Amino acid sequence: MANSRYVAGLTPEALQDLREKLHSIQSGRCYICRKPIDLEHHDGTLELDHIEPLAVGGRDTDVNLALTHSTCNRNKGASDLRVAQCLAELRSLEEAAKGRGDRGANLGDVLKSRGGAKKSLRLKRSEDGVGVEFSFPHADDNEIRAAPLYTDKLSGLEYFFAVVPLKYIHHDDVINPRSIGSSVRGLIEEFLKERPQLHVGLAWWTPDGDGTGPLKLFDGQHKAAAQILLGVEHLPVRVFVEPPVNLLVQTNSNAGSVLRQVAFDKAVMRRLGSRQYGDRLTQYQTMHNLPEDDFSFSEQDLVKHFRGERQMLRYIIDAQRNEIAHAGDNRLREFVEWSGKGAERPMAYSTVESAFFPLLYQRALSSPIDDGAVRELECRQMVSVMNLFADTFLVGWDFDIGGRQLESKIQKGEKFPPEHLRAWRICRQEVAVNVLRWVRLVIENYNAVTGRQVERERLFLEEFPDLLWGNIERFFARLSELTCWTNTELSSSVFGPKQNQDYWESVFRTGKSPSGTVILPRGLELQEMIAQS
96 MANSRYVAGL TPEALQDLRE KLHSIQSGRC YICRKPIDLE HHDGTLELDH
146 IEPLAVGGRD TDVNLALTHS TCNRNKGASD LRVAQCLAEL RSLEEAAKGR
196 GDRGANLGDV LKSRGGAKKS LRLKRSEDGV GVEFSFPHAD DNEIRAAPLY
246 TDKLSGLEYF FAVVPLKYIH HDDVINPRSI GSSVRGLIEE FLKERPQLHV
296 GLAWWTPDGD GTGPLKLFDG QHKAAAQILL GVEHLPVRVF VEPPVNLLVQ
346 TNSNAGSVLR QVAFDKAVMR RLGSRQYGDR LTQYQTMHNL PEDDFSFSEQ
396 DLVKHFRGER QMLRYIIDAQ RNEIAHAGDN RLREFVEWSG KGAERPMAYS
446 TVESAFFPLL YQRALSSPID DGAVRELECR QMVSVMNLFA DTFLVGWDFD
496 IGGRQLESKI QKGEKFPPEH LRAWRICRQE VAVNVLRWVR LVIENYNAVT
546 GRQVERERLF LEEFPDLLWG NIERFFARLS ELTCWTNTEL SSSVFGPKQN
596 QDYWESVFRT GKSPSGTVIL PRGLELQEMI AQS
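Take the position in the sequence shown, starting the count at 1, then add 95; the result is the number in the working numbering.
Structure representation (structure tokens):
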């Protein structure tokens, strides 16, 4: 409930009249989540709050009040209700995207929710060739506009600037496959404060057979999404005209990796790498006059052929990582924060990179690609290990609680379910890395005891027998029983500060931290951890 002198001064009858008035103004829906409000069914679970907080200059009058579900209002924190409304809409889009098997909502989802991404654009070059003409008739704008056509002196690419209706803007999920994530909140707040967009979005246009083509935005999707959620219906863009799209893919990829110009998360870089791997496969087939279904060549053949591209091996490994991370039966996926530094889920994608993926084979294979049994086996077995991890440690995770400032809240006396706390702590990168190092030990121990000759770097390229799977499952189960994961007294000393990987290597090996603090009764004993009861 708003801390409002205006509301506090109302009689019960006037307060009820205000609720009914706001209910009518809001078309019977919660201001935040836009879901229905029934004044009778929801009686006692509704709140009035200021749309613009008093702390930032909002007025304490009825025109600055809104009616919300109590749960929606509590979950928003201290933010402006307009920000909370945008984030609630984005969460709804996120849930729909994940229901389809996607990692999360992207700009395309936001555009479609607001009537965007429906029409293609027709461009005509001016008679003198120094400009372009276009119109937006499907956005109720029949004016014919003209814009100068510029040429980039170094790349030779042509481009122009325009302010484009949403109906004509499409998201390019090839060049920019990122989901939006919670990081858009800061941009929404900035735009609400009437601070301008400093860099325009980047898009490209190429005509299809009928002379029209979609205008595809590939850079600036977070700024675009924030403005669209706030009700903006036109966006400023710089449009490249008929560019070589592979050049844009490579440039955007380099900006997020080699040059560090763009804050791409690792999951996006892997997905871009896997797409570039697909492009190189097609190029190789074309240059060797192979039909599109002929994959009789090997990964090593690709590396040799594209030896001028130092990142070819990375593209190959990225394709495998991407296949594993987004496998439909990968139960770890729902617990991974794919973009940004959100805390709704316990595991960051960077932890998946650091803990699980070092167990993959990091070199090019010599076997033909169409004999995909080896990579398929590696993928299937890694997904199975991820599933065992998720089933053992993460099933008790409460998404409503999340992990934001979890250890700090514990130190202040708040209580959380032990399963939730265990999931959060086991997913810390420095912990998870050491857990998976012990999984490697479990596998290597089995191979040594049974006489299996498997190279250390090719562990997942050989099929695991049932006995080995049992050892891994028992190791996870016994590790989950350690009291350190649920001991709240360790919050400030062990789990409050960020530790390094050596810290937990020492804990698992000796039971103590490098400084001698006792965390476990004793170090882990491999044979005890995998012994059958």
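Even glycine gets a Cβ: it sits at the ideal position worked out from N, Cα and C. All of these numbers come straight from a predicted model, not from anything done at the bench.
- Residue environment: L293 is assigned as exposed (fewer than 16 neighbouring CB atoms within 10 Å of its CB, all protein chains considered).
- Annotation for N425: no alpha helix (DSSP H) segment contains it, and DSSP assigns it neither H nor E.
- Looking at the DSSP output, F229 shares a beta bridge with R240.
- Here T346 carries a helix assignment [DSSP, helix/strand/coil].
- If you compare the alpha carbons of G315, K207 and W564 with that of Q476, the shortest gap goes to W564.
- Each of C128, Q506, F286 and T581 was checked against the Cα of L188, and the nearest Cα belongs to C128.
- Contact between N168 and D204 is absent: CB atoms are separated by about 25 Å, not below the 8 Å threshold.
- Here A234 has P260 and K262 as same chain residues with Cβ atoms under 6 Å from its own Cβ, once five neighbours each way along the sequence are excluded.
- If you compare the alpha carbons of S99, P309, C522 and T581 with that of A438, the shortest gap goes to C522.
- The region 151-167 makes contact with the region 104-123: 3 or more CB pairs, one atom from each, lie closer than 8 Å.
- A Cβ-Cβ distance of about 16 Å is found for the pair I411 and A468, leaving them out of contact under the 8 Å criterion.
- Under DSSP, E142 shares a beta bridge with T163.
- Going by beta carbons, V478 and A422 fall inside the 8 Å limit.
- Non-local C-beta neighbours of L282 in its own chain, meaning closer than 7 Å and more than five positions away in sequence, comprise H317, K318 and A321, ordered along the chain.
- Of the candidates G199, P441 and L244, the residue whose Cα lies closest to the Cα of E514 is P441.
- Per DSSP, H136 lies in no alpha helix (DSSP H) and is assigned neither H nor E.
- The Cβ neighbour count for L297, taken over all protein chains shown within 10 Å, is at least 16; the residue is labelled buried.
- Each residue's CA atom was taken as its position, placing E337 and W533 some 52 Å apart.
- When secondary structure is reduced to three states using DSSP, P107 falls in the helix class.
- W433 sits in coil when the DSSP states are folded into three classes, being neither helix nor strand.
- Taking 8 Å as the cut-off, the Cβ atoms of E525 and Y444 do not count as close.
- Straight-line measurement puts the Cα of E473 at about 40 Å from the Cα of W300.
- Secondary structure at Y254: strand, using DSSP grouped into helix, strand and coil.
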